[in-house]
Amino acid sequence: MDVDAINTVEFSNHTGYPNFTGKVLDGTGLLQLIDGLETNGLLNYTHLLTGYIGSLSLLETIAGVVDRLRKINPNLIYVCDPVQGDDGRLYCRPELPHAFRTSILPIASVITPNQYEAELLAEMPITSEEDALAACAILHSKGPHTVVITSLNLDPSWVIIVASTTIEQKQKHTGQLRGTTADGNTTRTTENNSYTQYKLRVPRVKGYFTGTGDLFTALLLGWMHRHPENLKLALEYAVAGLQTVLLDTVQYASGHGGGAEERERNANVCAVRELRLIQNQDAMAAPKSILYEALPCEEPWPLETC
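Numbering-wise (the working numbering), the sequence shown opens with residue 1 and increments by one.
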């Protein structure tokens, strides 16, 4: 996919470092860029992806931009990573969760909250997989056709991903993966009030990284674009790419004085923990294998250790 990137922040480095400098894009600045694109007939986009939104002004402007884009292309897919916080801690402005619920959810096609963000958006606690599926149903009712809760912290050894979609799913894909038959038929899906729902778990990679949520959402968008009716496969490929990057980053950091579990966040440690994106771009574009299968939510987890 060809991508035009608009930086909502222009910082010297990411905010995981002890210090950073730079400026934040506001709604007026975004509109200037959108106006320039429209003047030159360059607003015919198929997808829009948003991540961290630093102000109410920018969030409200993005809602207006989605409307403008859909007037040009009614089939625009808007993928929103509703960055608000994590581990029970809010790190966006306090007025933004309400604005996400009222202004963004009704127009988003796909959302990728973490557990805490899903709790904020659905206005309910999540303490089990069943709670996560109930939250997905609430979020579907507010607008998005696909909801992916990217990290349920219900088990200290595993990160659990739950995905739910109202898009009709094809039951075939090319290639043979673990858990499929030789002709490519996938295992059955779980149908719950017209939702197709999957769960996937991966061993927890110990360490402190910045940008994993951004990377996962970008990979998911790319694979959903390639396989629009196969969320199972898109999830598996996105996770395969992310895990490849994380494991390579851990190995590199450990060999350069910045062990991934090191809690100190000085500049040198942060530098060697930068996600190794360029070094793994081929693996992200074409994963060699898929080790973690997305299962129908009604199926039990396999007996395995990590």
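All C-beta atoms, glycine included, are put in the ideal place defined by N, C-alpha and C.
Everything numeric in this text was worked out from a predicted model, so none of it was measured.
_When L242, H225 and I72 are compared against M1, the one with the closest alpha-carbon_ = H225
*asked:* Taking the beta carbon of G184 as the centre, do at least 16 other beta carbons fall within 10 Å, making it buried, or is it exposed?
replied: Note that G184 scores 34 on pLDDT, short of 50, meaning its location in the model is unreliable; the coordinates nonetheless yield the value given after this. Exposed, because fewer than 16 other Cβ atoms sit within 10 Å of the Cβ of G184.
*asked:* Let's see if you can read the secondary structure: which residues bound the beta strand (DSSP E) around Q197?
replied: Y195 to P203
_Under 8 Å: do the stretch 238–250 and the stretch 208–223 share three or more Cβ pairs, one atom per stretch?_
yes
*Please check the pair L56 and R101, which I expect to be a contact at CB under 8 Å, by giving their CB distance rounded to whole angstroms.*
Not a contact, Cβ separation roughly 13 Å.
*For the alpha helix (DSSP H) that contains L30, what are its first and last residues?*
G27 to T39
*Can we say the stretch 274–284 touches the stretch 244–255, given the rule of at least three CB pairs closer than 8 Å?*
yes
*Using alpha carbons as the reference points, say which of T146, D155, T150 and P156 lies closest to I167.*
T146
*Given a threshold of 16 other Cβ atoms within 10 Å of its Cβ, counted over all protein chains shown, does E293 qualify as buried or as exposed?*
buried
*Can you tell which of Q197, N230 and A238 has its C-alpha closest to the C-alpha of E298?*
For E298, the closest of Q197, N230 and A238 by C-alpha to C-alpha distance is Q197.
_For Y78, the residue or residues it bridges with in DSSP_ = L48
*asked:* Let me make sure I understand the geometry here. Which of H140, P97, E117 and P287 has the alpha-carbon closest to that of W223?
replied: The residue with the shortest Cα to Cα distance from W223 is P287.
*How many whole angstroms separate the CB atoms of E236 and I290, which I take to be in contact at a CB cut-off of 8 Å?*
Taking C-beta atoms under 8 Å as the contact rule, E236 and I290 qualify, at a distance of about 5 Å.
*Measure the beta-carbon distance from L25 to Y45 and round it to whole angstroms, keeping in mind my assumption that it falls under 8 Å.*
Contact flag wrong, Cβ pair sits at about 18 Å.
*Please state whether DSSP places E130 in a helix, a strand or coil.*
helix
*So L105 packs on G143, CB below 8 Å; how close in whole Å?*
5 Å
*Grab the span of the alpha helix (DSSP H) containing L105 for me, first residue to last.*
Counting along the chain, L105 falls outside any alpha helix (DSSP H), and DSSP gives it neither H nor E.
*State the DSSP-derived secondary structure class of V269, mapped to helix, strand or coil.*
Here V269 sits in helix by DSSP.
*asked:* Is the separation between the beta-carbon of Y52 and that of V79 shorter than 8 Å?
replied: no
*Spatial distance of S194 from L121 (CA atoms)*: 21 Å
*asked:* Is it buried or exposed, I72, if we count other Cβ atoms within 10 angstroms and call 16 or more buried?
replied: exposed
*Assigned secondary structure, E229 (DSSP; H/G/I helix, E/B strand, else coil)*: coil
*Can you pull the DSSP bridge partners for A294?*
Answer is none; A294 lacks a bridge partner.
_Per DSSP, what are the beta-bridge partners of V83 in this structure?_
V83 pairs with nothing; no bridge assigned.
_Inter-residue CB distance, T112 and D81 (contact presumed, cutoff 8 Å)_ = The pair is a contact, with the Cβ atoms about 5 Å apart (cut-off 8 Å).
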